[in-house]
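**Q** Take the position in the sequence shown, starting the count at 1, then add 192; the result is the number in my numbering. Every residue gets a Cβ at the ideal spot worked out from N, C-alpha and C, and that includes glycine.
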Amino acid sequence: MRYDDVQSHLAAAGGSMDKAAVPLGMYLAWCVNVGLTGAELDESAQTAVLRVRYREITGAELLISACAGALDARWFNEQGRDFCERYYASFLDDFRAVFGDDIYEVRDDWDHYDQLAPLLTERLYGKPRRSKPWWKLWR
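1) Just to confirm my understanding: we take residue 266, look at its own chain, exclude 5 residues before and 5 after, and list those with CB closer than 6 Å. What are they?
2) Ignore the nearest five residues each way along the sequence and tell me which others in residue 289's own chain have a CB closer than 8 Å to its CB.
3) Excluding the 5 residues flanking residue 213 on each side, which residues of the same chain have their C-beta closer than 7 Å to its C-beta?
4) Quick one: Cα of residue 280 to Cα of residue 315, how far?
5) Per DSSP, what kind of secondary structure is residue 299 in: helix, strand or coil?
6) Per DSSP, residue 262 is paired with what?
7) Can you say whether residue 195 is buried or exposed, counting buried as having 16 or more other CB atoms within 10 angstroms of its CB?
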């Protein structure tokens, strides 16, 4: 199953593959960092995956070089596929909520990734429960 690909975004990105890859690449980088990628990607692009974890390359670069520009089910583990099937249809709406309507003008850098990652983590795990401070547990 294919969740999305750069080709689908080229026209909206003004024909720029680099710009079209940014939203998908940030999603892929986040999946790498939270352990949602599967053995096929981890083994076939081991060095590139590691370079994403070390922030030496971006998710867009990994997407283009190792995934042929496509977010396919084969790149994810079971938990990753479940999450993609449940969530990915609303990902671009969340991307717009964080960065504004022109999603193809977002710079492909780790500062922008850091703005998006907490929202994706919340979508995966849910909102954190607010607990009482330890000194108020008896109330």
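**A** Well, looking at it:
1) 232
2) 311
3) 198, 252, 255, 256, 261
4) 10 Å
5) coil
6) 197
7) buried
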